[in-house]
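Protein sequence lines, in the order shown, are assigned to chains A and B.
This note's numbering numbers the first residue of the first sequence as -1 and each following residue consecutively.
This note's numbering numbers the first residue of the second sequence as 140 and each following residue consecutively.
Where is the CB? At the ideal position from N, CA and C, for every residue including glycine.
Given the structure is predicted, the values throughout are model-derived calculations rather than measurements.
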Amino acid sequence: MPERLNNNHKRSAVFLDLGILEYQRALELQLEHVQLKLDDKEAADQILLVEHPAVYTLGKRGGRENLVVSEDFLSAKKIDVIQTDRGGNITFHGPGQAVLYPIIDLERAKIGVKDFVYGLEEIMKSTVAEFDLKANRDHRNHGLWVGNKKIGSVGISVKKGICFHGLALNVTTNLTPFSWINPCGLSQVAMTSIKNELESMEDISIKKVKTILIRYFSEVFNYSIKENEPSYQN
Amino acid sequence: MKEIDDLNLPDDLKYTEDHEWAKSEGDLVTVGLNDYAQDQLGEIVFVEVPEVGDTFSQGDEFGSVESVKAVSEMYIPISGEVVEVNEGLEDAPELVNQECYGGGWVIKVKPDDPLEMDKLLDKAAYLDMLKG
């Protein structure tokens, strides 16, 4: 059983699976939802699920120095590097990675930032456990680790108590692009994925992983979550 | 997170709904994050402060803090000009956690209108907001 945060009242949220969507467009959607919630405190909490085409993103404090290949090399590979305002350092997003963006009024939900990040790690930990993988937190860095290898990352922003950005869990992600950076600003860190850790070569459905993530989000943060009608066609 | 009754909220400070504190000292107002903010943010690893000379209106974002992979904005309690920033936070951002009303102060502001302080919450009103 995942560890549930100490919250007594049940909250509700809607989720939307965006499928595969460019990072920049997904960020715009998040900011639209943040603005909706700033304008109307009663607006529903939203959870966006997405996979991004290959892209590197930098944290608010940067991380470009942790690129270990030239930007020309990345241009040739057609991988953009995008500055963001989330916490953390450089990371890679690509197909086969389940990304979850909660746009939640933490203030209203009475969830502290520290507890929220801990909860996001708990959701990933419970999700990979469904594949019989034992993962843990590590003192070196937030996120989720299988042994010495990092399988999931977190990075959020908080504006007037409303969070955005979120977590990224490697399911079948091509891990090679992680070797072109020092992930999270840490050198000598290897990344892994659920597929990489499983000895069986059977395919893993990212749709299934997204469903499990939502289920554990619901459990850990005590949310009732229903699927939103897709209003956005990508 | 701390229980509300365990929070350290000095009686002589004013508070914002976004969990900053403000204290009038002579012509200036000192601003920082309060005990609720520092506790729920977790270990603070970076504080982004404005430049001296920057001007803001009450409620504007004036900087941010990074903790546990989270960047959270800070909002200024009073309109005015920043006349001093706490440069010690560059090397020791943890001061915001360790002594949020002392060495962890963030900026000093020369207010445009000192009466704006009256719009801020006193301890009792702030506690009511937290409990509400």
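- By the C-beta density criterion, Thr171 (chain A) is buried, having at least 16 other C-beta atoms within 10 angstroms.
- For Gly153 (chain A), the nearest CB of chain B lies under 7 Å from its own CB, placing it at the interface with that chain.
- With a 10 Å radius around the Cβ and a threshold of 16 neighbouring Cβ atoms, Asn87 (chain A) comes out buried.
- Against chain A, the beta carbon of Phe195 (chain B) has no neighbour under 9 Å; the closest one sits roughly 15 Å away.
- With a beta-carbon spacing of about 18 Å, Asp43 (chain A) and Arg84 (chain A) fall beyond the 8 Å limit used to define contacts.
- Judged by pairs of C-beta atoms under 8 Å, the segment 199 to 209 of chain B touches the segment 231 to 251 of chain B, as three or more such pairs exist.
- Cβ-Cβ separation between Gly141 (chain A) and Ser151 (chain A): approximately 4 Å, consistent with a contact (criterion under 8 Å).
- Shown in chain order are the members of the segment 99 to 131 of chain A whose Cβ falls below 7 Å from a Cβ of chain B: Gly110, Val111, Lys112, Asp113 and Val115.
- Here the alpha carbon of Pro149 (chain B) sits roughly 41 Å from the alpha carbon of Ser124 (chain A).
- Taking a Cβ-Cβ cut-off of 8 Å, the neighbours of His140 (chain A) in chain B comprise Val207 and Lys208, given in sequence order.
- For Asn194 (chain A), there is no enclosing beta strand (DSSP E); the enclosing alpha helix (DSSP H) has its first and last residue at Ile192 to Glu195.
- Contact annotation: Pro100 (chain A) and Gly153 (chain A) have beta-carbon atoms that are not nearer than 7 Å.
- The beta carbons of Met256 (chain B) and Glu156 (chain B) sit about 15 Å from each other, so the pair does not count as a contact at 8 Å.
- Each residue's CA atom was taken as its position, placing Glu200 (chain A) and Phe195 (chain B) some 57 Å apart.
- The three-state reading of DSSP puts Asp199 (chain B) in coil, since its state is none of H, G, I, E or B.
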